[in-house]
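One structure is given below, encoded as structure tokens.
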Amino acid sequence: MSFIASKLIEIFLLPSNLIGVLGLIGLAMAPFGRRKLSRTCLIGSALLLAICGWSPLGMASLMALENRFPKPVINGPVTGIVVLGGAVDTHVSVDRQTLAMNEAGERLTEAVDLSRRYPDARIFLSGGANHIISHNQTTESQVARDILVMLGVPAQRIEMEERSRTTCENAIESKAAIQPKPGELWLLVTSASHMPRAMACFRAVGFPVAAYPVDYRTRGTADLWRPTGSVAGGLSAADLAAHEWLGLLTYWSAGKTAELFPEP
1402 MSFIASKLIE
1412 IFLLPSNLIG
1422 VLGLIGLAMA
1432 PFGRRKLSRT
1442 CLIGSALLLA
1452 ICGWSPLGMA
1462 SLMALENRFP
1472 KPVINGPVTG
1482 IVVLGGAVDT
1492 HVSVDRQTLA
1502 MNEAGERLTE
1512 AVDLSRRYPD
1522 ARIFLSGGAN
1532 HIISHNQTTE
1542 SQVARDILVM
1552 LGVPAQRIEM
1562 EERSRTTCEN
1572 AIESKAAIQP
1582 KPGELWLLVT
1592 SASHMPRAMA
1602 CFRAVGFPVA
1612 AYPVDYRTRG
1622 TADLWRPTGS
1632 VAGGLSAADL
1642 AAHEWLGLLT
1652 YWSAGKTAEL
1662 FPEP
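For what it's worth, this note's numbering labels the leading residue of the sequence shown as 1402, then goes sequentially.
Structure representation (structure tokens):
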């Protein structure tokens, strides 16, 4: 129940959805004579749209997350590579009978490169079927595994767990399946903006991993001084940043992690 509740709450707190909700409330109140409430909601909706859509706010919030964990300098053998789910679209994969990656597909392409650079490393995929209302039981790990095999990774090298639905569950299930030993070096591959939350979760369960961020969405400090190219682009960055910051706050306040914004 907590998984469903958290997903539903997040839907309404994302900037793009909040803008839409405020606008609809403003329109709905006008016919009932609630002009002040209607005007306040419509003005709030318009201001949020302009700020989140055109200003660098979303990019700045995203950049703070992406810059938190730099790519590591690896000096020594790599025991294994943990690749978190979130890089595939299971709905499109099933409905279209294809293997569909989404905008975070770099998690998988980078895993292919790492598998070649470290041929003795274990490849571990973490991700279940985290759908709220769909009856689609295809897991993210299943689709990701097929994509890795298609891209040349030997099937016998790939291990996976298909139970996790959240980042904290990724950490719990990965540790249970892998049972890491002291002195081993495991790389954690996920989107750069997602890395702080992922590291907080893996540290909370006592699984020491080295952050290996991929899938950057920001270019650098220049993004802090230029307006976005479109409202859609600005809202997309704001939504992704809000998703991660809300996740960090939720996990920390619920006691699932010990760090609100973990350090390298």
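Positions of the beta carbon are idealized from the N, C-alpha and C atoms, including for glycine.
On the DSSP bridge assignment, give the partners of residue i in chain order.
| i | result |
| --- | --- |
| residue 1481 | 1523, 1587 |
| residue 1559 | 1524 |
| residue 1612 | 1589 |
| residue 1502 | 1489 |
Using the Cβ count rule (16 or more neighbours within 10 Å means buried), how would you classify residue i?
| i | result |
| --- | --- |
| residue 1631 | exposed |
| residue 1444 | exposed |
| residue 1429 | exposed |
| residue 1572 | buried |
| residue 1402 | With a pLDDT of only 45 at residue 1402, under 50, the local geometry of the prediction cannot be trusted, and no value is derived from it. |
| residue 1626 | exposed |
| residue 1420 | buried |
| residue 1416 | buried |
| residue 1614 | buried |
| residue 1410 | exposed |
| residue 1504 | exposed |
| residue 1449 | buried |
| residue 1597 | buried |
| residue 1635 | buried |
| residue 1446 | buried |
| residue 1637 | buried |
| residue 1663 | buried |
From the options, pick the residue whose C-alpha is nearest to that of residue i; which is it?
| i | options | result |
| --- | --- | --- |
| residue 1564 | 1555, 1556, 1575 | 1575 |
| residue 1523 | 1585, 1476, 1502 | 1585 |
| residue 1412 | 1665, 1644, 1660 | 1644 |
| residue 1440 | 1452, 1426, 1449, 1450 | 1426 |
| residue 1656 | 1508, 1637, 1601, 1453 | 1601 |
| residue 1609 | 1665, 1476, 1452, 1466 | 1665 |
| residue 1461 | 1653, 1654, 1661, 1639 | 1639 |
| residue 1658 | 1637, 1620, 1577, 1570 | 1570 |
Can you check whether the CB of residue j is closer than 9 Å to the CB of residue i?
| i | j | result |
| --- | --- | --- |
| residue 1554 | residue 1527 | no |
| residue 1479 | residue 1521 | yes |
| residue 1624 | residue 1457 | yes |
| residue 1489 | residue 1541 | yes |
| residue 1647 | residue 1463 | no |
| residue 1510 | residue 1552 | yes |
| residue 1592 | residue 1518 | no |
| residue 1566 | residue 1529 | yes |
| residue 1459 | residue 1651 | no |
| residue 1691 | residue 1558 | Limits of the chain in this structure are 1402 at one end and 1665 at the other, which puts residue 1691 out of reach. |
Can you give the beta carbon distance from residue i to residue j, rounded, assuming they're within the 8 Å contact cut?
| i | j | result |
| --- | --- | --- |
| residue 1649 | residue 1618 | Contact flag wrong, Cβ pair sits at about 17 Å. |
| residue 1568 | residue 1599 | 6 Å |
| residue 1605 | residue 1589 | Not confirmed; about 13 Å, so no contact. |
| residue 1544 | residue 1491 | 6 Å |
| residue 1500 | residue 1547 | 5 Å |
| residue 1603 | residue 1560 | About 17 Å; that fails the 8 Å criterion. |
| residue 1579 | residue 1481 | 7 Å |
| residue 1423 | residue 1442 | 5 Å |
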